[in-house]
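Asks:
Protein chains: 2
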Amino acid sequence: MVTVAVDAMGGDKGPDAVVQGAALLSREDVDIHVRLVGDAAVVHEALSKVRYDPRRVSVVSADGFVAPTDDPRCVRDRPQCSVMRAAELVKTGEVDAMVSCGNTGGLILAASTHLRRIPGVRRAALAAVYPTEQKHGPKGDPFALILDVGATTQTDAEALVGFAAMGSAYSAIVSEVRAPRVALLSNGSEPHKGTPAIIEAHQRLLGGPLNFVGNVEGLEIPRGTVDVIVTEGFMGNVVLKMLEGVGEVMRDVAKKASSRRIEWRLGLSMLGGGLRELKRLTDWKVYGGAPVLGLEGVVIKAHGRSEARAIRNAVKVAAKTVRGGLVERIQDSVSALGLEEDASDRAS
Amino acid sequence: MVTVAVDAMGGDKGPDAVVQGAALLSREDVDIHVRLVGDAAVVHEALSKVRYDPRRVSVVSADGFVAPTDDPRCVRDRPQCSVMRAAELVKTGEVDAMVSCGNTGGLILAASTHLRRIPGVRRAALAAVYPTEQKHGPKGDPFALILDVGATTQTDAEALVGFAAMGSAYSAIVSEVRAPRVALLSNGSEPHKGTPAIIEAHQRLLGGPLNFVGNVEGLEIPRGTVDVIVTEGFMGNVVLKMLEGVGEVMRDVAKKASSRRIEWRLGLSMLGGGLRELKRLTDWKVYGGAPVLGLEGVVIKAHGRSEARAIRNAVKVAAKTVRGGLVERIQDSVSALGLEEDASDRAS
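Protein chains in written order, with the working numbering: chain F, 71 to 418; chain G, 71 to 418.
1. Looking at C-alpha atoms only, which residue of F:293, F:271, F:287 is the closest neighbour of residue 280 of chain F?
2. Which of the three DSSP states is assigned to residue 255 of chain F in this structure?
3. Within its chain, find whatever has a CB closer than 7 Å to the CB of residue 278 of chain F; leave out the 5 residues flanking it on each side and keep chain order.
4. Quick one: what's got a C-beta closer than 6 Å to residue 208 of chain F's C-beta in the same chain, skipping five residues either side?
5. State the beta-bridge partners of residue 421 of chain F as determined by DSSP.
6. Spatial neighbours of residue 205 of chain G within its chain, please: CB distance less than 7 Å, with the 5 preceding and 5 following residues excluded, ordered by chain position.
7. With a threshold of 8 Å on Cβ separation, who are the neighbours of residue 97 of chain F within its own chain once the five nearest residues in sequence on each side are excluded?
8. For residue 203 of chain G, return the contacting residues in chain F, with the cut-off set at a CB-CB distance below 8 Å.
9. Do residue 216 of chain G and residue 308 of chain G have their C-beta atoms closer together than 8 Å?
10. Could you check whether the Cβ of residue 273 of chain F sits closer than 8 Å to any Cβ belonging to chain G?
11. Using beta-carbon positions only, say whether residue 105 of chain F and residue 165 of chain F come within less than 8 Å of one another.
12. Within 8 Å of any Cβ in chain G, is that where the Cβ of residue 224 of chain F sits?
13. Return the Cβ separation of residue 183 of chain F and residue 127 of chain F in integer angstroms, given the expectation that the two are a contact with Cβ distance under 8 Å.
14. Let me know if residue 371 of chain F comes out buried or exposed under the rule of 16 or more other beta-carbons within 10 Å of its beta-carbon.
15. Using 8 Å as the threshold, is the region 176–194 of chain G in touch with the region 216–235 of chain G, meaning 3 or more CB pairs across them?
16. Which one or two residues does DSSP pair with residue 187 of chain F in a beta bridge?
17. Between residue 82 of chain F and chain G, is there a C-beta pair that is closer than 8 Å?
18. Please say whether residue 71 of chain G and residue 114 of chain G have beta carbons closer to each other than 8 Å?
19. Which term fits residue 382 of chain F, buried or exposed, when burial requires 16 or more other beta carbons within 10 angstroms of its beta carbon?
20. Closer than 9 Å by beta-carbon distance: list the chain G residues that pair up with residue 71 of chain F, in chain order.
21. Helix, strand or coil for residue 168 of chain F, going by three-state DSSP, please let me know.
22. Thinking C-alpha only, which one of G:293, G:373, G:367, G:86 is nearest residue 311 of chain G?
23. Leaving out the 5 sequence neighbours to the left and right, which residues in its chain are closer than 6 Å to residue 392 of chain G when beta-carbon positions are compared?
24. Starting from residue 240 of chain F and walking both ways along the alpha helix (DSSP H), at which residues does that stretch end?
25. Flag residue 270 of chain F as yes if its beta-carbon sits less than 8 Å from any beta-carbon of chain G, otherwise no.
26. Is residue 173 of chain G helix, strand or coil by DSSP?
27. Taking the straight line between their C-alpha atoms, what separation do you get for residue 418 of chain G and residue 394 of chain G?
28. Would you call the CB atoms of residue 283 of chain F and residue 232 of chain F closer than 8 Å?
29. Out of curiosity, what's the CA-to-CA distance linking residue 302 of chain G and residue 142 of chain F?
30. Between residue 198 of chain G and the rest of its own chain, which residues show a CB-CB distance below 6 Å, the 5 nearest in sequence each way excluded?
31. Can you give me, in chain order, the residues of the region 284–299 of chain F that have a beta carbon less than 8 Å from any beta carbon in chain G?
32. Once DSSP output is grouped into helix, strand and coil, what is the label at residue 359 of chain F?
33. Whose Cβ in chain F lies nearer than 8 Å to the Cβ of residue 265 of chain G?
34. Taking just the CA atoms, how far does residue 325 of chain G sit from residue 323 of chain F?
35. Pull up the distance between the alpha-carbon of residue 214 of chain F and that of residue 266 of chain F, whole angstroms please.
36. For residue 290 of chain F, name the three-state secondary structure that DSSP assigns.
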């Protein structure tokens, strides 16, 4: 049995969606126990409205929460809030993993407060799964991984090499790719292209233990020619938001077209399955959640707008990640790369 | 009459496409003279195959050219090559502007070799026009401008402020927007979000003479909520390539869908004009070319894959830019912003 703490508060849709997701999962034949962390009265009230298997759902009381619009640093003044309590449960080993659809910065800070960085990891990263044209792994997952997308802004070569190791480990578990193809995002495929940090990281990854395939350009992001794209958080954030923006614009355009003329509407409806592929590429609502990588614990961020099904998926991904031994895999990968522990840095 | 030097060599489609573009334009009632720069025998041969008005087309002999795959630095060893000769014609005032669809790096180096930087401009930039959902300017141009997209990699705040001034000047001329909305691309709209260079540039642009609207996130790129997006060349390159990649993937998906089932093909054909909007957003082949901004002359990069019509458009944009007084506008904008000339830096 894998036990997952789920932050029941703080998502855009409120505790009901989160509780419904946990209830949904509890009725499936999976070996996962969900501990809903939040205001006990509110969570019990939400539970009273849904059908769930009580052997697989329990409640952990917390005091307060971080709203999507709150300054993430407020977690420091709210040690008993839901996301801090969930991270504490991971630290003490009471749960194997945590999931939150709340404030992203708050989640990263809460996790970093309670969980130590894996030795050799210079910076933790937030990774995101996004849809691609090409398929990945033996099950043909139509997704690739990009990191960092927001835990850092600018980083050095050492941090980028760490991101490569962490992304590779996560992709191997989630997409079941034996040796994920890892690339650095740059402004040219040649080894000398990019920022000084990227050029140095390229040198360090070449000939190393990872399946490093070199630099890729922006063109390769939607194509998905590699399994893991490594970049600084500033760039990753812009890329990810832009993918969302492109999806929104495409949907707007299709909507306007279908409302304007009857034959366009008819045309769209005839496309049926043909459009499904386009829809998948533009309207992905985070299938499984975005992992915070590099900490001594499994931490998954679900999208703020997550409905019950997205919460259920994020918990399943968390459990799969625990079973795949993510932390150990990252540890192994980081030592194979010869990344040195810097005690002073780690203590900061 | 505006005279434009056009590099006849070096494009992916060879001299024929370039010469056809010049011939096409010469038959229109425009006050533009094109000087085709290249191997005289080759250019005359190409001219012999097309119909053109000899009052508006002439040939300037050059020795050699830079191929798309050549190292851009080779221009230093080829002072008589077509792109270098064209830049020289701008310097000596024999022409008012230049256009090239050849090697981008070669063009930027050739232009920087012959043309001085405008006083106060720290770094020249390559800007790109890309399609957006929202319209811009009194004629409702469905495009916005993003810079730098490749003349620099990382830059400081001073350079970013210069990009803002140059982008604003160009947008005002080309889209005829009176006070173009200018924004910095960042990982959040708050003034403290971004790299140190962006945070400082934000402070310096606030309350200044430009219509600076703050930071925008990746979401706003395809939406086109602003007229000019300012970013470092490394980021701009990735963003631009990614927009191209998204377009290619969308077309692939639509193609596959239409070939797979007859009703999907029928559906696509019924969409007609509704799809045209989507096509415009994903299949833009550079309408007018990308300006190199910050030098004492008008320099336009046309897409390497430009056909005759794209070349014609690029020459028209060059002429419009000359008539709009780009260099003077940038000079005014840069002094209004109080950007200081750094003699030692400029000499480098």
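Even for Gly, the Cβ is constructed at its ideal location relative to N, Cα and C.
Note that this is a predicted model, so its numbers are computed, not measured.
Replies: Once the coordinates are examined:
1. F:271
2. strand
3. 407
4. 246
5. Since the displayed chain F opens at 71 and closes at 418, residue 421 of chain F lies outside it and no answer follows.
6. 211, 212
7. 121, 122, 123
8. 319, 322, 323
9. no
10. no
11. yes
12. yes
13. Contact flag wrong, Cβ pair sits at about 26 Å.
14. buried
15. yes
16. F:365
17. no
18. no
19. buried
20. Ordered by position in chain G, no residue passes the 9 Å Cβ test against residue 71 of chain F, which lies about 39 Å from the chain.
21. strand
22. G:373
23. 72, 166, 167, 368
24. 227–244
25. no
26. coil
27. Since pLDDT at residue 418 of chain G reaches only 40, below the 50 mark, its modelled position is unreliable, and no value is offered.
28. no
29. 28 Å
30. 216, 219, 310, 360
31. 287, 288, 289, 290, 291, 292, 293
32. coil
33. 223, 224, 304
34. 19 Å
35. 25 Å
36. helix
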